[in-house]
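*Asks:* This is the structure, below, for whatever I ask next.
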Amino acid sequence: MARTVQAEPSRPQPAAGRYNAQAVRREERLVTAAVYTFLVLVSLPLAVGYGWLLLNSFSTELAHGVWPSGFTTRHWRFLFEPPSPYYPDLWRTTWNTLWLAVGMTITMVAVSTPTAYVLSRMKFRGRNAFLALTLVLHAFPGITLLIATYYVLRWLGLLNSIPGVFLVKAALMLPLGIWVMKGFYDGISWDVEMSALVDGASRIQTWYKVMLPQVLPGIASISIFSFIYGWSEYIYVITFIQDKNAWTLSSYINAIVGDFRFLDYGLLSATALFYIAPVLLFFIFTQKYLMRVTIGGTKGGS
Amino acid sequence: MSRSQKVALFVLFLPALIITVVFYVIPAVMTAAMSFTDMDFRLRWNFVGFATFARMFEDFLLPRILQNTIVYTFLTLAFFNVGLAVLLALVTSYVPERVGRVFQALWLLPRFTPPIVYGIIWMWILDPTRAGLLNGLLALTGARPVNWMTDYPMATIVVTNGIIGASFGMVIFYSAIKSIPRDYQWAALADGATWPQQVRYITLPLIRWPLLFVTAYQTLSLLTSYEYILIITGGGPYFATTVWSLYAYNMAFGGYFANYEFGYGAALSIVLVILGTVASIVYWRVFRFREMMAEPKIEVM
Chain A
0 MARTVQAEPS
10 RPQPAAGRYN
20 AQAVRREERL
30 VTAAVYTFLV
40 LVSLPLAVGY
50 GWLLLNSFST
60 ELAHGVWPSG
70 FTTRHWRFLF
80 EPPSPYYPDL
90 WRTTWNTLWL
100 AVGMTITMVA
110 VSTPTAYVLS
120 RMKFRGRNAF
130 LALTLVLHAF
140 PGITLLIATY
150 YVLRWLGLLN
160 SIPGVFLVKA
170 ALMLPLGIWV
180 MKGFYDGISW
190 DVEMSALVDG
200 ASRIQTWYKV
210 MLPQVLPGIA
220 SISIFSFIYG
230 WSEYIYVITF
240 IQDKNAWTLS
250 SYINAIVGDF
260 RFLDYGLLSA
270 TALFYIAPVL
280 LFFIFTQKYL
290 MRVTIGGTKG
300 GS
Chain B
0 MSRSQKVALF
10 VLFLPALIIT
20 VVFYVIPAVM
30 TAAMSFTDMD
40 FRLRWNFVGF
50 ATFARMFEDF
60 LLPRILQNTI
70 VYTFLTLAFF
80 NVGLAVLLAL
90 VTSYVPERVG
100 RVFQALWLLP
110 RFTPPIVYGI
120 IWMWILDPTR
130 AGLLNGLLAL
140 TGARPVNWMT
150 DYPMATIVVT
160 NGIIGASFGM
170 VIFYSAIKSI
180 PRDYQWAALA
190 DGATWPQQVR
200 YITLPLIRWP
210 LLFVTAYQTL
220 SLLTSYEYIL
230 IITGGGPYFA
240 TTVWSLYAYN
250 MAFGGYFANY
260 EFGYGAALSI
270 VLVILGTVAS
280 IVYWRVFRFR
290 EMMAEPKIEV
300 M
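Those protein sequences? They're chains A and B, same order as listed. Heads up: the first sequence at position 76 corresponds to 75 in numbering that gives the first Met the number 0, and the numbers run straight through without jumps. Heads up: the second sequence at position 126 corresponds to 125 in numbering that gives the first Met the number 0, and the numbers run straight through without jumps.
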């Protein structure tokens, strides 16, 4: 892309002299004030929304929908007794959610780490075809295949099971994982690898003894990303899991929304906070890694 | 390639191949096949030719659905996924980096929030009684509560989806803005250009390419994602917020009006699948993805 900037012929001349410099500075301050005002105003609803989860789950009442009054823990009773007898055990549900997140993480790391190595470092027939396929799949909306995926899972006997969900979800995210990992392998100098190969190490030995330790930040990025997405999954869980024994927190809270919406915002916000808490912790402490995937996953255009 | 090389290749490559074929390629082929059947909850392959596609032309709801889809995609894209995204990228790159990062994190948070939790936050904000945020604030002025979701259904789904969608463009535009050489900015400053002028004459022309990419990419994302609509309005009231992808989903899995119409649902999906495939190939050509596939050096030796 040609990067030419043409000076506007009718532009004001260079700012010289005291008066001009002051004017420029005043205008700069004005712009800064406007920028901050915009940023705060536009971000306020987000901050209020997430803040409400916390305030509301511990207050007896919110005046005008926003102002908390009276501290209570009664909205958190669901931790010890189900909101109604039809609900499955909360801890079992939480365990299922964790299993979904961990299973998803393991699948993503186990599959994308070796594949990305092969795509980054080995030349073989079909390499470009497969890379092209993953790129196209990354842009391709896998969610449109939901109906057929339901059929495939049924056929494999994986409906109503957590592994069914995380395998499907991992397949959808795999292209992203492969490209992020490939980026990390591409960044490693191949001299080290070459010397290992010359010394007689096999390709697989070279991979896990020499290369793997160097792409650990990439593995961390993918793990965190997969964990959060597995933990939060909604649509595949709702569609593929009806059996209450295999419910995750998404199904659990979905049922609460169905039963208690408009009636009990205390319960809604407490369960929602319970669900989002691990995500928030991850989000706050591992932002560096998350940003890497967000950008890495879309570097095609920028 | 030696024998051991081939073994290594096979072992390292196989898992990805299996998963991609079983959960991506087979479902894609199967969606195409299913769209020519009248499959229902019994999951029988009863081929009926083009009957499902003919049904689309007779479906009296479909024109409404199509209109919803276009309006929703256009408005969300214009105001949020590109519009707000550019503004956020501009202001977060203008303020000191640490401040910018905090606000970017806040905007990225909805993307990582469990969709049902994000939905609950909006159910509260838009609640039709005074227990909700908007109506609670409105009550301070003495106004009567408004039923936001039924009175402004399209605005509801545009705003709720847009707030999530804006962060994608924000991140891309931000890194594009940061990669503009500082010389241009200094030259502009020396010429006495103000910040708005710099944005208009330097920044925006230089991020044309990412702008185009985000527009194209997010159009496809918006056309095919319906998760938040399903949670927040469920497609209603009546069909006011049902978009094409949600219609296809409800046809197959929606409990309340048409259970397990897998054949017709697949036919509706295949329209999106074709659209998705064409779009992916267009991105491939236009955005020069091929450059990212350089041959590995080690094999050249």
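Glycine is no exception: its CB is placed at the ideal position from the N, C-alpha and C atoms.
Is the CB-CB distance between Ala271(A) and Val158(B) below 8 Å?
*Replies:* Your numbering for residue 271(A) matches position 272 in the first sequence. Your numbering for residue 158(B) matches position 159 in the second sequence. Contact flag unset, no.
*Asks:* Note the first and the last residue of the continuous alpha helix (DSSP H) segment covering Glu226(B).
*Replies:* Translated into the one-based positions of the second sequence, residue 226(B) becomes position 227. It spans 226 to 231 - the alpha helix (DSSP H) in which Glu226(B) sits, taken as one unbroken run.
*Asks:* If you reduce the DSSP assignment to three classes, tell me which class Ser268(A) lands in.
*Replies:* On the first sequence, position 269 is the one that residue 268(A) refers to. In this structure, Ser268(A) counts as helix in the three-state DSSP scheme.
*Asks:* So with Cβ pairs under 8 Å, would you call Ala265(B) a contact of chain A?
*Replies:* One-based indexing of the second sequence puts residue 265(B) at position 266. Chain A, which has a Cβ nearer than 8 Å to the Cβ of Ala265(B), makes this yes.
*Asks:* In three-state terms, what does DSSP make of Phe37(A)?
*Replies:* Taking the first residue of the first sequence as position 1, residue 37(A) is located at position 38. Phe37(A) falls in the helix class under three-state DSSP.
*Asks:* Grab me the residues of Ser268(B)'s own chain with a C-beta within less than 7 Å of its C-beta, minus the 5 sequence neighbours each way, in chain order.
*Replies:* The count along the second sequence starts at 1 and reaches residue 268(B) at position 269. Closer than 7 Å at Cβ, skipping near neighbours: Thr30, Ala247.
*Asks:* Report the start-end ranges of each alpha helix (DSSP H) in the region 80 to 156 of chain B that is 4 residues or longer and not cut off at the edges.
*Replies:* 84 to 93, 96 to 111, 114 to 124, 132 to 139, 147 to 150, all fully within the region 80 to 156 of chain B.
*Asks:* Residues of chain B with a CB under 9 Å from the CB of Ser231(A): which are they?
*Replies:* Taking the first residue of the first sequence as 1, we reach residue 231(A) at position 232. Within 9 Å Cβ-Cβ: Phe111, Thr112, Pro113, Pro114, Ile115, Val116.
*Asks:* Assign Phe70(A) to one of three DSSP states: helix, strand, or coil.
*Replies:* The residue you call residue 70(A) lines up with position 71 of the first sequence. Correct three-state label for Phe70(A): strand.
*Asks:* Considering only the alpha carbon of each residue, which of Thr72(A), Tyr49(A), Gly50(A), Gly48(A) lies closest to Ser58(A)?
*Replies:* Here residue 58(A) refers to the residue found at position 59 of the first sequence. The option with the nearest alpha carbon to Ser58(A) is Thr72(A).
*Asks:* With 8 Å set as the bound, which would you pick, yes or no: does the beta-carbon of Phe284(A) sit closer than that to a beta-carbon of chain B?
*Replies:* To locate residue 284(A), count along the first sequence from 1; it is residue 285. So, not an interface residue.
*Asks:* Between the C-alpha atoms of Pro113(A) and Phe12(B), what's the straight-line distance to the nearest angstrom?
*Replies:* Taking the first sequence and counting its residues from 1, the one referred to as residue 113(A) is at position 114. Taking the second sequence and counting its residues from 1, the one referred to as residue 12(B) is at position 13. Spanning the two alpha carbons is a distance of roughly 7 Å.
*Asks:* Contact defined as beta carbons within less than 8 Å: I believe Leu211(A) pairs with Ser111(A). What is the distance between those atoms, to the nearest angstrom?
*Replies:* What you label residue 211(A) is simply residue 212 of the first sequence in a count that begins at 1. What you label residue 111(A) is simply residue 112 of the first sequence in a count that begins at 1. With a Cβ gap of about 13 Å, Leu211(A) and Ser111(A) do not count as contacting.
*Asks:* Please decide whether Pro14(B) counts as near chain A, where near means a Cβ-Cβ distance under 8 Å.
*Replies:* Numbered from 1 along the second sequence, position 15 holds the residue referred to as residue 14(B). It does; some Cβ of chain A falls within 8 Å.
*Asks:* Would you mind telling me which residues of chain A sit closer than 8 Å to Gln169(B), beta carbon to beta carbon, in chain order?
*Replies:* By 1-based counting over the second sequence, the position of residue 169(B) is 170. Note that residue 169(B) is Met in the sequence shown here, rather than Gln. The premise fails here: Met169(B) is roughly 10 Å from chain A at the closest Cβ pair, so nothing lies under 8 Å.
*Asks:* Where does Arg110(B) land, buried or exposed, given buried means 16+ other C-beta within 10 angstroms?
*Replies:* Looking up residue 110(B) in the second sequence gives position 111. Looking at its Cβ environment, which holds 16 or more other Cβ atoms inside 10 Å, Arg110(B) is buried.
*Asks:* Can you list, in chain order, the residues of its chain with a C-beta nearer than 6 Å to that of Trp246(A)? Leave out the 5 residues immediately preceding and following it.
*Replies:* Residue mapping note: residue 246(A) aligns to position 247 of the first sequence, counting from 1. Same-chain partners within the cutoff: Pro87, Thr92.
*Asks:* Within the continuous alpha helix (DSSP H) that includes Trp94(A), where are the two ends?
*Replies:* By 1-based counting over the first sequence, the position of residue 94(A) is 95. Run containing Trp94(A): 89 to 120, per the alpha helix (DSSP H) assignment.
*Asks:* Strictly below 7 Å CB to CB, what residues from chain A border Glu226(B)?
*Replies:* The count along the second sequence starts at 1 and reaches residue 226(B) at position 227. Here the neighbours are Tyr233, Ile234.
*Asks:* To the nearest angstrom, how far is it from the Cα of Gly69(A) to the Cα of Glu60(A)?
*Replies:* Counted from its first residue, the first sequence places residue 69(A) at position 70. Counted from its first residue, the first sequence places residue 60(A) at position 61. So the two alpha carbons sit approximately 7 Å from each other.
*Asks:* Output, in chain order, the set of chain B residues within a Cβ distance shorter than 8 Å of Ser42(A).
*Replies:* Within the first sequence, the letter at position 43 stands for residue 42(A). Those are Phe102, Leu105, Trp106, listed as they occur along chain B.
*Asks:* Identify the contact partners of Gly275(B) in chain A, using a Cβ-Cβ distance below 7 Å as the criterion.
*Replies:* In the second sequence, residue 275(B) corresponds to position 276, counting from 1. Here the neighbours are Phe139, Pro140, Thr143.
*Asks:* Going by DSSP, what residue range makes up the alpha helix (DSSP H) through Lys5(B)?
*Replies:* Counting from one through the second sequence, the residue named residue 5(B) turns up at place 6. 2 to 19 is the span of the alpha helix (DSSP H), which, as asked, contains Lys5(B).
*Asks:* Can you list the alpha helix (DSSP H) stretches of 4 or more residues lying completely in the region 156 to 218 of chain A, in chain order?
*Replies:* As far as the region 156 to 218 of chain A is concerned, its whole alpha helix (DSSP H) runs of at least 4 residues are 161 to 185, 190 to 197.
*Asks:* Please classify Lys181(A): is it buried, with 16 or more other beta-carbons within 10 angstroms of its beta-carbon, or exposed?
*Replies:* What you label residue 181(A) is simply residue 182 of the first sequence in a count that begins at 1. When all chains shown are included, Lys181(A) counts as buried.
*Asks:* With Glu57(B) as the anchor, note down where its alpha helix (DSSP H) starts and where it stops.
*Replies:* Your numbering for residue 57(B) matches position 58 in the second sequence. First-last of the alpha helix (DSSP H) with Glu57(B): 50 to 57.
*Asks:* Any C-beta of chain A sitting closer than 8 Å to the C-beta of Ser92(B)?
*Replies:* In the second sequence, counting from the first residue as 1, residue 92(B) sits at position 93. Chain A contact via Cβ: absent.
*Asks:* State the start and end residues of the unbroken alpha helix (DSSP H) segment that holds Thr284(B).
*Replies:* For this step, residue 284(B) is matched to residue 285 along the second sequence. The displayed chain sequence assigns Arg, not Thr, to residue 284(B). That run of the alpha helix (DSSP H) goes 261 to 285.
*Asks:* On the criterion of 16 or more Cβ atoms from any shown chain inside 10 Å, does Thr36(A) qualify as buried, or is it exposed?
*Replies:* For this step, residue 36(A) is matched to residue 37 along the first sequence. With fewer than 16 other Cβ atoms within 10 Å, it is exposed.
*Asks:* So, Gly235(B) versus Ile146(A), is the Cβ gap smaller than 8 Å?
*Replies:* In the second sequence, residue 235(B) corresponds to position 236, counting from 1. In the first sequence, residue 146(A) corresponds to position 147, counting from 1. Against a cut-off of 8 Å, the Cβ pair of Ile146(A) and Gly235(B) comes out as no contact.
*Asks:* Starting from the C-beta of Leu279(A), find all residues in its chain whose C-beta is less than 7 Å away, skip the five residues before and the five after it, and write them out in chain order.
*Replies:* Here residue 279(A) corresponds to residue number 280 of the first sequence, with the count starting at 1. Around Leu279(A): no qualifying Cβ.
*Asks:* Counting only runs that start and end within the region 175 to 236 of chain B, where is the alpha helix (DSSP H) found for 4 or more residues in a row?
*Replies:* Whole alpha helix (DSSP H) segments, 4+ residues: 181 to 189, 194 to 197, 207 to 223, 226 to 231.
*Asks:* I want to see whether chain B comes within less than 8 Å of Val167(A), judged by CB atoms only; does it?
*Replies:* As a working mapping, residue 167(A) is identified with position 168 in the first sequence. It does: the Cβ of Val167(A) has a partner Cβ on chain B nearer than 8 Å.
*Asks:* Helix or strand or just coil, what does DSSP make of Thr59(A)?
*Replies:* On the first sequence, residue 59(A) is found 60 positions in, with the first residue counted as 1. Of the three classes helix, strand and coil, the one that applies to Thr59(A) here is strand, per DSSP.
*Asks:* Measure the CB-CB distance between Gly82(B) and Tyr227(B) and report whether it falls below 8 Å.
*Replies:* Position 83 of the second sequence, counted from the start, is the residue given in the question as residue 82(B). Position 228 of the second sequence, counted from the start, is the residue given in the question as residue 227(B). Cβ atoms of Gly82(B) and Tyr227(B): not closer than 8 Å.
*Asks:* Can you give me the C-alpha to C-alpha distance between Ile18(B) and Leu166(A), rounded to a whole angstrom?
*Replies:* As a first step, residue 18(B) must be located in the second sequence, where it is residue number 19. As a first step, residue 166(A) must be located in the first sequence, where it is residue number 167. One C-alpha to the other measures close to 8 Å.
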